[in-house]
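Enquirer:
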Amino acid sequence: MTDSRSVSLLSEILTGLLRSLPQYVAECWPWTHRGDADAYAVVKGIIDQEQRRAEEVAQAIVERGGLLIYPPFPDWTRLNFVALDYLLDHLVHFQETAVARFEAIRDQFAEGTEQRALAESVVEDAKKHLGQLQELAARHQYSQQVSVVTEQASN
Numbered sequence: 111m112t113d114s115r116s117v118s119l120l121s122e123i124l125t126g127l128l129r130s131l132p133q134y135v136a137e138c139w140p141w142t143h144r145g146d147a148d149a150y151a152v153v154k155g156i157i158d159q160e161q162r163r164a165e166e167v168a169q170a171i172v173e174r175g176g177l178l179i180y181p182p183f184p185d186w187t188r189l190n191f192v193a194l195d196y197l198l199d200h201l202v203h204f205q206e207t208a209v210a211r212f213e214a215i216r217d218q219f220a221e222g223t224e225q226r227a228l229a230e231s232v233v234e235d236a237k238k239h240l241g242q243l244q245e246l247a248a249r250h251q252y253s254q255q256v257s258v259v260t261e262q263a264s265n
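The numbering used here puts the first residue of the sequence shown at 111, with every later residue one more than the last.
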């Protein structure tokens, strides 16, 4: 695989990491309540891990003579200033898609290459994050049900 092809694939990974929904959540100020401290800590950990991994990918791009290009986020403005509980299902769905996208990119690198190893670490991180988000979403469904019941009771 030529370096230009490697740079192109690594750039796709970088964009996937830096323009992910967790990265957007870091900037959209979700509101939380007392019961969200554990959930916010997990989401913050995912955000931080993605940023660290993105630094490794960016370094690999630069080492291969590539340029770092940061496209804008997708239009997720409808997710600004919403409850973290509400975002969890969106995060799970996004992460499922991210795992598949990162696996497809990884599979384009030759076995035994540094790029393949780096892509594999991104896939493993994404799978780990998916499990964490699924667990959080399952635990926080009760909170969503309570808010629905509360809204219905007040009407």
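Glycine included, C-beta positions come from ideal geometry on N, C-alpha and C.
Closer than 7 Å by C-beta to P182: which residues in its own chain qualify, once you throw out the five before and the five after it? Chain order, please.
Expert: Working through the sequence shown from its first residue, we reach residue 182 at position 72. Correct list: empty, nothing qualifies.
Enquirer: Can you tell me whether DSSP reads A193 as helix, strand or coil?
Expert: The sequence position of residue 193 within the sequence shown is 83, counting from 1. Looking at A193 - three-state DSSP - the assignment turns out to be strand.
Enquirer: Distance check for Y150 and Y196, CA to CA, integer angstroms please.
Expert: Working through the sequence shown from its first residue, we reach residue 196 at position 86. Working through the sequence shown from its first residue, we reach residue 150 at position 40. Distance between the alpha carbons of Y196 and Y150 is about 12 Å.
Enquirer: On the DSSP bridge list, what partners appear for W141?
Expert: Here residue 141 corresponds to residue number 31 of the sequence shown, with the count starting at 1. In DSSP, W141 forms a bridge with A193.
Enquirer: According to DSSP, is P132 part of a helix, a strand, or is it coil?
Expert: Along the sequence shown, read from residue 1 onward, the residue named residue 132 stands at position 22. Of the three classes helix, strand and coil, the one that applies to P132 here is helix, per DSSP.
Enquirer: Taking just the CA atoms, how far does V202 sit from T140?
Expert: On the sequence shown, position 30 is the one that residue 140 refers to. On the sequence shown, position 92 is the one that residue 202 refers to. Sequence check: residue 140 is Pro here, not Thr. For P140 and V202, the distance between alpha carbons rounds to 16 Å.
Enquirer: Starting from the Cα of E245, find the closest Cα among T207, R226, D199 and E213 and give me that residue.
Expert: Here residue 245 corresponds to residue number 135 of the sequence shown, with the count starting at 1. It is D199.
Enquirer: Could you tell me the distance, in whole angstroms, from the CA atom of S114 to the CA atom of A170?
Expert: Counting from one through the sequence shown, the residue named residue 114 turns up at place 4. Counting from one through the sequence shown, the residue named residue 170 turns up at place 60. Roughly 12 Å between the two C-alpha positions.
Enquirer: Leaving out five residues on either side along the sequence, give the residues of the same chain with a beta carbon under 6 Å from the beta carbon of V209.
Expert: Taking the first residue of the sequence shown as 1, we reach residue 209 at position 99. Cβ within range, chain order: A236, K237 and L240.
Enquirer: Quick check: S130 and F204, are their CB atoms within less than 8 Å of each other?
Expert: Here residue 130 is taken as the residue at index 20 of the sequence shown, counted from 1. Here residue 204 is taken as the residue at index 94 of the sequence shown, counted from 1. The answer is yes: Cβ separation under 8 Å.
Enquirer: Using a Cβ-Cβ cut-off of 6 Å (strictly less than) and excluding sequence neighbours within five positions of G176, which residues of its own chain qualify?
Expert: To locate residue 176, count along the sequence shown from 1; it is residue 66. For G176, where only same-chain residues beyond five positions count, the Cβ hits under 6 Å are V117.
Enquirer: Check whether the Cβ atoms of E213 and V192 lie closer than 8 Å to each other.
Expert: Reading the sequence shown from its first residue, position 103 is the one you call residue 213. Reading the sequence shown from its first residue, position 82 is the one you call residue 192. Against a cut-off of 8 Å, the Cβ pair of V192 and E213 comes out as no contact.
Enquirer: Quick test of your reading: A153 and L127, contact by CB under 8 Å. State the CB separation rounded to the nearest angstrom.
Expert: As a first step, residue 153 must be located in the sequence shown, where it is residue number 43. As a first step, residue 127 must be located in the sequence shown, where it is residue number 17. Residue 153 is actually Val in this sequence, not Ala. At roughly 15 Å, the Cβ-Cβ gap does not stay under 8 Å, so V153 and L127 are not in contact.
Enquirer: Ignore the nearest five residues each way along the sequence and tell me which others in Q225's own chain have a CB closer than 6 Å to its CB.
Expert: Residue mapping note: residue 225 aligns to position 115 of the sequence shown, counting from 1. Here the set comprises S116 and F219.
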